[in-house]
Amino acid sequence: MSRKSIFLLLLLAAAPCAALAPEQELQRLAARQRAAALQAWEDPYWRKLLYYEKGLLGNRRSASVNPQFYLSKWGQINPRLELEAAVDGLYFEGPDNDSPECRFPERYRWLKEKLGLAAEFPPRACPDFEEWKAALDTESVSLLFAGGYLNNPSTLYGHTFLRLHKRGGAGADLLDYTVNYAATADADSGLFFAVKGLVGAYPGQFATVPYYLKIQEYHNIENRDLWEFPLNLKPEEIDRLLRHCWELGKASFPYLFFTRNCSWQLMPLLDIVKPELDLSRRFSLWVIPSDTAKAVLEASPAAEPLWRPSLWKTVDWKRSQLTELEKTAVLALARGDQNAGLRAIDAWPARQQAAVLETAVDYLSWRFYARRIKQEELDRRTDPLLARRAPLGQQETFTGGPRRPATLREGHDSLRTGAGLVALESGPAYEVQARFAAQDLLDDPAGYLPDAVLEMGSLRLRYEPEYNRYYVKEGRVARVVSLNPWDDWVRRQSWEVAAGVEQAPETGRQSGRAAVWAMHAGSGLAAQWDGPVRQLWYALLQADTAFGPALHNNWRLGAGLKAGVLAERGRLRALLEARYIGYAFGDTRPLWAGTLAASYKLARNSSVRAEHAWRGGVRETGVYFHQFFFAP
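This note's numbering puts the first residue of the sequence shown at 2, with every later residue one more than the last.
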């Protein structure tokens, strides 16, 4: 026997698939050599399938932290070793259902095509995968966007996920499934969730969840609108999506609130479905769900979106068609003496009774999902209403539907920049502004939550020629305001929270020398007046604290009142606001401040604003131009 033959036998004996027959082992080595000749591990699609990202030193590392996502022990940090392990998996000799190919069907479809082995290795029988795929029975796919929910830090900006439509057309809400990525979070409070989300302390996973559960979560419990945008995927793209979703059941990705959040994780998934999109590269600094939805829709044929109004909007729409007497009857049936309420409507026409009963049932459902009543009370009050409604038969109770708001595409982009000229008592000043996201009370609310502020990373830099001084006028980390017009049916308060750096001229310091770190929170009431000019009046009790060398004792703590009115008509919006804080601890000098401002929308992504502000005896007037951009 030649030395070359002896060396080959020793090599085969040391191979990881030594149990294979010699002919198969030679085929395995030949397949590895073919992969090496093609440098298949450098193929962009292989890197997408394994979520490899390039590090600072040029090395590649997969984003998935679950070892079950890899076939090689070193697969997370070495694309070549993972691909070679995948090649070895072609020769798996156990039950097909346990094979690597059945664990990673899309990975192996591509590998066999890349290496020209499709004819040599026909698809294995994978009953678990095929049963799962058959249960989904997907005919088409849509992108869903759930509007923002201010009471949950994880969904302040909304949420995106995919809906898998079963064959058979409309009316399959109870049967469809969704593809959803979410953090596997503990029962932490909003503050702890935000902190952990910033550092990636939560793992996140993909799951296929019944669509009706998402409706219950977003549409009913959290009172959020659902927008559905058809993606018009081809059949082979849908198959690719399903094969890779099966693979993602073994993956886990750290959840990062601003960058690798629930919305961004859909981008690399869609890059695999349609590799030419390369969506994940569009977002490098921060990610907002509405922006990712817009990015996906830009690459899809324009189609009319479907809108599912929140449960409360449906109740409010029905209420708007009732008389005052009928509204009183609904409240009696849902919150008051129900027996007396039923007797009161007993002599009413059938259509009128039906409208009141239907509204009362929907209102009770909303109260249950809003956690105002428990299941026992829901059943106790709903059952008699349904029993009274049944014998009335079919009635034309309501016509039309809730008024559809503006879509994502109609709203301004999330990143705002600005520049302005400011008149101070000491002379002119110049200002540049930037805000990462997303909305204040004077911005056009189309496509966003009305009567709300959701600002993250707001920065105002100012230059005063009088002192030749540059300084931070305001550096807001976060500010969230929810002004809810008081409604006896809802009884929802208005509130706000904010934190960041601001100038405090009430301390007597010069401009730019009075910076403090300030935090405040407030709660109160708002009232709406609908007329030629819509007005929203509000008053909030506030708690306020601040820290910094500009303050006596370097800190202060107090409470006070903020009140104002927001007016709007067409493209014009105006705000008048005043604030008083009395400080009981630390620096006890009080704070008086106010603002009178107006904004005019020039186009979808541009506006001009004029503002007069006073604080601690210091006044200023400014004119600003704002331009909105798509987030990088």
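Note that the Cβ used here is the ideal one computed from N, Cα and C, for glycine as well.
- Setting aside the 5 residues that flank it on each side, H245 is surrounded in the same chain by E107 and I273, each with a C-beta closer than 6 Å to its C-beta; the list follows chain order.
- In this structure, DSSP gives T324 a state outside helix and strand, which the three-state scheme calls coil.
- Beta-bridge analysis with DSSP links W593 to Y581.
- Assignment of Y364 by DSSP, reduced to helix, strand and coil, places it in the helix class.
- Only residues of its own chain outside the window of five on either side were considered, and among them G419 and R461 have a CB closer than 6 Å to the CB of Q434, listed in chain order.
- With a cutoff of 8 Å on beta-carbon distance, D292 and A632 are scored as near each other.
- With a threshold of 16 other beta carbon atoms within 10 Å, H553 falls short and is exposed.
- L58 counts as exposed, since fewer than 16 other beta carbons sit within 10 angstroms of its beta carbon.
- Sequence-distant Cβ neighbours of W349 in its own chain, meaning closer than 8 Å and more than five residues away, are V357.
- Comparing alpha-carbon positions, the option among V491, P466, Q25 and A547 lying closest to G501 turns out to be A547.
- DSSP places A341 inside the alpha helix (DSSP H), whose first and last residues are Q339 to A345.
- Counting only residues of its own chain and dropping the five nearest sequence neighbours on each side, G412 has a CB closer than 7 Å to the CB of A447, G448 and Y449.
- Comparing C-alpha distances from L573 to each of Y539, I374, R535 and Y581 shows the shortest one belongs to R535.
- In the structure shown, K602 adopts extended strand secondary structure according to DSSP, grouped into three states.
- For G561, the enclosing beta strand (DSSP E) begins and ends at W556 to R570.
- V498 sits away from V454, with the two beta carbons spaced by 8 Å or more.
- Non-local C-beta neighbours of L312 in its own chain, meaning closer than 8 Å and more than five positions away in sequence, comprise H220, N221, N224, D363, S366, W367 and Y370, ordered along the chain.
- DSSP, reduced to helix, strand and coil, places G525 within a strand of the structure shown.
- If you check the CB distance, L562 and Q543 come in under 8 Å.
- In the three-state reduction of the DSSP assignment, Y449 falls in the coil class.
- A135 and Y182 have their C-alpha atoms roughly 22 Å apart.
- In the DSSP assignment, A135 falls within the unbroken alpha helix (DSSP H) covering P128 to L137.
- Per DSSP, the unbroken alpha helix (DSSP H) holding L82 starts and ends at P80 to G90.
- Annotated three-state conformation of W318 is helix, per DSSP.
- The Cβ atoms of L112 and A87 lie closer than 8 Å to each other.
- The beta carbon of E121 sits closer than 6 Å to no other beta carbon from its chain once the five residues preceding and following it are set aside.
- Residue pairing by DSSP places Q40 in no beta bridge whatsoever.
- The beta carbon of Y109 sits closer than 6 Å to the beta carbons of E102 from its chain, once the five residues preceding and following it are set aside; these are given in chain order.
- Comparing alpha carbon positions, the residue from A522, E426 and S483 closest to L537 is S483.
- Of the candidates A37, D89 and G76, the residue whose Cα lies closest to the Cα of Q25 is D89.
- Under the DSSP definition of a beta bridge, M457 partners with A438 and A479.
- The region 260 to 324 contains, as complete alpha helix (DSSP H) runs of 4+ residues, the segments 267 to 274, 290 to 299 and 312 to 321 (chain order).
- About 7 Å separates the Cβ atoms of L343 and L334, confirming a contact at the 8 Å cut-off.
- The beta-carbon separation of A296 and L280, rounded to 6 Å, stays under the 8 Å limit for a contact.
- Excluding residues up to 5 positions away in sequence, R320 lie with their Cβ nearer than 8 Å to the Cβ of K328 in the same chain.
- In the DSSP assignment, A540 falls within the unbroken beta strand (DSSP E) covering R535 to F548.
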